[in-house]
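The structure under discussion appears below in the form of structure tokens.
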Amino acid sequence: MHTIALKFYCILLLIFISHNINGKEQHNEKINIDLIVEAKHILTMDASNTILENSSIAINEGLIIEIADIRQINAKYTSDNHILGENRIALPGLINGHSHAAMTLLRGIADDRSLIDWLNNYIYPLEQEFVSAEFVRIGTELACWEMIRGGTTTFVDMYFYPEVISKVVNSCGIRGFVSSTVSDNQTPNAKNAQDAINGGEQFIKKWAKKSPLVTPILGPHAIYSLNLEQLKETRRVAALTNTPISIHLSESEFELQYSKQNYAMTSIEALDSIDFFNGRTIAAHVVWPTKKEISILANKNVGVIHNPTSNMKLASGVAPIADMLEAGVLIGLGTDGAASNNDLDMWEEMRLAALLQKVTKMDPEALPANTILRMATTNGAHIIGLGNKIGRLEVGMEADIIQIEFSDVHHQPNYDIASHLVYVTDEQDVITVIVNGKLIMHKNEFYTLDTNRISREVAAIAKKIGSSIKTN
Ligand SMILES: [Zn+2]
292 MHTIALKFYC
302 ILLLIFISHN
312 INGKEQHNEK
322 INIDLIVEAK
332 HILTMDASNT
342 ILENSSIAIN
352 EGLIIEIADI
362 RQINAKYTSD
372 NHILGENRIA
382 LPGLINGHSH
392 AAMTLLRGIA
402 DDRSLIDWLN
412 NYIYPLEQEF
422 VSAEFVRIGT
432 ELACWEMIRG
442 GTTTFVDMYF
452 YPEVISKVVN
462 SCGIRGFVSS
472 TVSDNQTPNA
482 KNAQDAINGG
492 EQFIKKWAKK
502 SPLVTPILGP
512 HAIYSLNLEQ
522 LKETRRVAAL
532 TNTPISIHLS
542 ESEFELQYSK
552 QNYAMTSIEA
562 LDSIDFFNGR
572 TIAAHVVWPT
582 KKEISILANK
592 NVGVIHNPTS
602 NMKLASGVAP
612 IADMLEAGVL
622 IGLGTDGAAS
632 NNDLDMWEEM
642 RLAALLQKVT
652 KMDPEALPAN
662 TILRMATTNG
672 AHIIGLGNKI
682 GRLEVGMEAD
692 IIQIEFSDVH
702 HQPNYDIASH
712 LVYVTDEQDV
722 ITVIVNGKLI
732 MHKNEFYTLD
742 TNRISREVAA
752 IAKKIGSSIK
762 TN
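Every number in the numbering used here is 291 more than the matching position in the sequence shown, counting from 1.
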């Protein structure tokens, strides 16, 4: 009797096991995808600031194909690249709306001087002596390394040798809006403004569809380095090639005076008088706009990139960010070049943007953490014209995602994620960086950069620059 019961039990067990194996076989038919990213908290940056708990992001062919509960995603998908998410926050990659990447090589070279003294007596002569295709390649690689390290996945750059910058952007796997700089000075790029505009047009035509990561654009330097006719011509070529323009705008009191003296108007008014804003404009700084100019910016959908560190360091002034936001101007964040910052840390820009507005307005409610996070992500994306592709973690968006580790002591305890990201998080807390669905950094390992080689090359070129400063 006992043996029969045991046999019966064994048969039941076998049926149960085989059933389960069948079940597992079904599980083995999971959809194989490029990447799965889990997170304790997912900051989607959607319109209602949704934060998802214990969820996963399924990524395939560069796109976010599903976001759901971790178990749900695991039941449906499988991937060779599965990134865990315990004690980690996932959010859209940061967008640095204004930089001069290769200037990392001039980091810390002439600090504590006024903008014009700094430019005319230090930066321009050094650039004249040292800037070459090689300088730009090494400096941009160093910048990309630093930006990837800190969770920046897109940057808007303005410097010389845009083709060299584009190649570096493409090989580093980061997204770059690369401006061909237009100025009426002789530059490593061009003899004069017309030459620079022609070169820019060629560059845009060549790179327009060359890489999904590179967007070639035009970068007229400023109203004081080009006359209105030349600025008008730059916009004409931008319209013709359907590209945005990046420009320094209303940065310093010097620019304000220059424009008043030369055009009897402030600089934003002067540009508006030539219909310069009829087309996408990424305007860096905007520290000195009048009330009238703020409404021009709002009406013409000019995107403003706030660079608080650079504005403070060069004592350019305090951009009226809260007033511009109230008027409906779209504001993003940028670092400016490392020579006036002196790093490319977007977390620091976020923190300083918040603190600077609060103390200037004497209003602790000015620029709350959520607004700051939008500036560094979704707003930046809208300003550069990629608002429906990046800047939010939603199905159908391109997968530019970063993960923050929040188990370190300075994140404990954790009541409010947005607050921590703005007021606590540092570059070192970024543990994962994904651009266009590809993993480019994880746990301080860089998959697209040879950091040892870059360090060696930076040291070699810095030795030359350093000895030139000592002898001059
Ligand atoms: Zn700049």
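The beta carbon of each residue, even a glycine, is placed where N, CA and C say it ideally should be.
Exercise. In whole angstroms, what separates the C-alpha of MET336 from that of GLN694?
Worked result: Position 45 of the sequence shown, counted from the start, is the residue given in the question as residue 336. Position 403 of the sequence shown, counted from the start, is the residue given in the question as residue 694. Cα-Cα distance, rounded: 14 angstroms.
For this session: Go ahead and label ASN387 buried or exposed: buried means 16 or more other beta carbons lie within 10 angstroms of its beta carbon, across all protein chains shown.
Result: By one-based count along the sequence shown, residue 387 stands at place 96. Flag for ASN387 reads buried.
Exercise. Would the beta-carbon of MET438 fall within 9 angstroms of that of PHE446?
Worked result: As a first step, residue 438 must be located in the sequence shown, where it is residue number 147. As a first step, residue 446 must be located in the sequence shown, where it is residue number 155. In this structure, MET438 sits near PHE446, with a CB-CB distance shorter than 9 angstroms.
For this session: Label SER558 either buried or exposed according to how many other C-beta atoms from any shown protein chain fall within 10 Å of its C-beta, with 16 as the threshold for buried.
Result: Against the sequence shown, residue 558 aligns to sequence position 267. Label assigned to SER558: buried.
For this session: Verify whether the separation of the beta carbon atoms of ARG397 and ILE756 is less than 9 angstroms.
Result: Within the sequence shown, numbered from 1, the residue matching residue 397 stands at position 106. Within the sequence shown, numbered from 1, the residue matching residue 756 stands at position 465. One detail in the question is off: residue 397 reads as Leu in this sequence, not Arg. Going by beta carbons, LEU397 and ILE756 fall inside the 9 angstroms limit.
Exercise. Between the segment 401-419 and the segment 716-732, do at least 3 Cβ pairs fall closer than 8 angstroms?
Worked result: Contact fails: fewer than three Cβ-Cβ distances are below 8 angstroms.
For this session: Examine ligand 1 and report whether any of its heavy atoms sits within less than 8 angstroms of the Cβ of ALA574.
Result: Within the sequence shown, the letter at position 283 stands for residue 574. The closest heavy atom of ligand 1 lies 8 angstroms or more from the beta carbon of ALA574.
Exercise. Does the distance from the C-beta atom of ILE256 to that of VAL328 stay below 9 angstroms?
Worked result: Outside the modelled stretch of the chain, which goes from 292 to 763, sits residue 256, for which no answer is possible.
Problem set entry | Closest Cα partner of GLY682 within the set SER698, PHE697, LEU664, ASP699 | Here residue 682 refers to the residue found at position 391 when the sequence shown is read from its first residue. Ranking the options by Cα distance to GLY682, first place goes to LEU664.
Problem set entry | Cβ pair ALA690, ILE350 closer than 9 angstroms | Indexing the sequence shown from 1 puts residue 690 at position 399. Indexing the sequence shown from 1 puts residue 350 at position 59. Closer than 9 angstroms, so yes.
Problem set entry | Supposed contact pair SER390 and GLY625 - C-beta distance, whole angstroms, cut 8 angstroms | Stepping through the sequence shown from its first residue, residue 625 is reached at position 334. Stepping through the sequence shown from its first residue, residue 390 is reached at position 99. Between SER390 and GLY625 the Cβ distance is about 6 angstroms, and since that is below 8 angstroms, they are a contact.
Exercise. Using the C-alpha atoms, what's the distance from LEU643 back to LYS583?
Worked result: For this step, residue 583 is matched to residue 292 along the sequence shown. For this step, residue 643 is matched to residue 352 along the sequence shown. Near 27 angstroms, if we compare the C-alpha coordinates of LEU643 and LYS583.
Exercise. Straight-line CA distance for ILE745 to ARG428?
Worked result: Sequence index remark: in the sequence shown, residue 745 carries index 454 (1-based). Sequence index remark: in the sequence shown, residue 428 carries index 137 (1-based). The alpha-carbon separation between ILE745 and ARG428 amounts to approximately 10 angstroms.
For this session: May I ask you to report which of helix, strand or coil DSSP gives ASP408?
Result: Position 117 of the sequence shown, counted from the first residue, corresponds to residue 408. Reduced to three states, the DSSP call for ASP408 is helix.
Problem set entry | VAL620, DSSP secondary structure in three states | For the purposes of this step, residue 620 is taken as the residue at position 329 of the sequence shown. Assignment of VAL620 by DSSP, reduced to helix, strand and coil, places it in the coil class.
Exercise. Nearest-angstrom Cα distance between PRO507 and THR525?
Worked result: One-based indexing of the sequence shown puts residue 507 at position 216. One-based indexing of the sequence shown puts residue 525 at position 234. Per the coordinates, the alpha-carbon of PRO507 lies some 14 angstroms from the alpha-carbon of THR525.
For this session: Please go through the same chain and pick out, in chain order, the residues whose beta-carbon is closer than 6 angstroms to the beta-carbon of ASP408, but skip the five residues on each side of it.
Result: Taking the first residue of the sequence shown as position 1, residue 408 is located at position 117. Its chain contains no residue whose beta carbon lies nearer than 6 angstroms to that of ASP408 once the 5 sequence neighbours on both sides are disregarded.
Problem set entry | ASN365 to LYS496 span [Cα, whole Å] | Counted from its first residue, the sequence shown places residue 365 at position 74. Counted from its first residue, the sequence shown places residue 496 at position 205. Approximately 44 angstroms, taken between the alpha carbons.
Problem set entry | DSSP state of THR445 mapped onto helix, strand, coil | Numbered from its first residue, the sequence shown carries residue 445 at position 154. It is a strand residue.
Exercise. Whose C-alpha, out of ALA338, LYS500, HIS701, SER370, is nearest the C-alpha of GLU320?
Worked result: Here residue 320 corresponds to residue number 29 of the sequence shown, with the count starting at 1. When the alpha-carbon of GLU320 is set against those of ALA338, LYS500, HIS701, SER370, the nearest one is in SER370.
Problem set entry | Contained alpha helix (DSSP H) runs [length at least 4] in the segment 349-408, N- to C-terminal order | List check, alpha helix (DSSP H) in window: 361-367.
Exercise. Using CA coordinates, which residue listed in GLY430, ALA424, ALA401 is at the minimum distance from PRO416?
Worked result: Position 125 of the sequence shown, counted from the first residue, corresponds to residue 416. Taking PRO416 as reference, the option from GLY430, ALA424, ALA401 with the minimal CA-CA separation is ALA401.
For this session: Tell me whether LEU677 is buried or exposed, calling it buried when 16 or more other Cβ atoms sit within 10 Å of its Cβ.
Result: Walking along the sequence shown from the start, residue 677 turns up at place 386. Flag for LEU677 reads buried.
For this session: Measure from the alpha carbon of TRP436 to the alpha carbon of each residue in VAL749, LYS482, GLY619, LYS754, then state which is nearest.
Result: Taking the sequence shown and counting its residues from 1, the one referred to as residue 436 is at position 145. Considering only alpha carbons, the answer is VAL749.
Problem set entry | Counted within 10 angstroms of its Cβ, other Cβ atoms place GLN419 as buried (16 or more) or exposed | By one-based count along the sequence shown, residue 419 stands at place 128. Exposed: under 16 other Cβ atoms inside 10 Å.
Problem set entry | Reference THR668; option with closest CA among GLY384, ALA709, ALA555 | As a first step, residue 668 must be located in the sequence shown, where it is residue number 377. Among GLY384, ALA709, ALA555, the Cα nearest to that of THR668 is on GLY384.
For this session: Note down, one range per segment and in chain order, each beta strand (DSSP E) of at least 3 residues found wholly within the segment 499-546.
Result: Complete beta strand (DSSP E) runs here, min 3: 505-511, 536-540.
Exercise. Can you tell me where the beta strand (DSSP E) with LEU712 in it begins and where it stops?
Worked result: On the sequence shown, position 421 is the one that residue 712 refers to. Per DSSP, LEU712 belongs to no beta strand (DSSP E); it is in the alpha helix (DSSP H), 708-714.
For this session: For the alpha helix (DSSP H) containing THR669, list its first residue and its last residue.
Result: Taking the sequence shown and counting its residues from 1, the one referred to as residue 669 is at position 378. Boundaries of the alpha helix (DSSP H) around THR669: 669-675.
For this session: Give the secondary structure of GLY678 by DSSP, where H, G and I count as helix, E and B as strand, and everything else as coil.
Result: For this step, residue 678 is matched to residue 387 along the sequence shown. Note: GLY678 maps to coil in three-state DSSP.
Problem set entry | Near ligand 1: SER516 beta-carbon under 8 angstroms from a heavy atom | Indexing the sequence shown from 1 puts residue 516 at position 225. SER516: no, Cβ never under 8 angstroms from ligand 1.
Exercise. Measuring CB to CB, does ILE731 end up less than 9 angstroms from ILE465?
Worked result: Taking the sequence shown and counting its residues from 1, the one referred to as residue 731 is at position 440. Taking the sequence shown and counting its residues from 1, the one referred to as residue 465 is at position 174. Result yes, Cβ atoms of ILE731 and ILE465 sit closer than 9 angstroms.
For this session: Compute every distance between the C-beta of ASP627 and the non-hydrogen atoms of ligand 1, then say whether any falls below 8 angstroms.
Result: In the sequence shown, the residue the question calls residue 627 occupies position 336. Indeed, a heavy atom of ligand 1 lies less than 8 angstroms from the Cβ.
Exercise. Is it right to say GLU352 is buried, meaning 16 or more other beta carbons lie within 10 angstroms of its own, or is it exposed?
Worked result: For the purposes of this step, residue 352 is identified with residue 61 of the sequence shown, where counting begins at 1. GLU352 comes out exposed.
For this session: Keeping to the same chain, check which residues put their C-beta closer than 7 angstroms to that of ASP717; ignore five residues upstream and five downstream.
Result: Taking the first residue of the sequence shown as 1, we reach residue 717 at position 426. These residues qualify, in order along the chain: TRP638.
For this session: Would you please state the rounded distance, in angstroms, between the beta carbons of ALA484 and THR431? I believe it to be under 8 angstroms.
Result: Position 193 of the sequence shown holds residue 484. Position 140 of the sequence shown holds residue 431. About 24 angstroms separates the beta carbon of ALA484 from that of THR431, a gap too long to meet the 8 angstroms contact definition.
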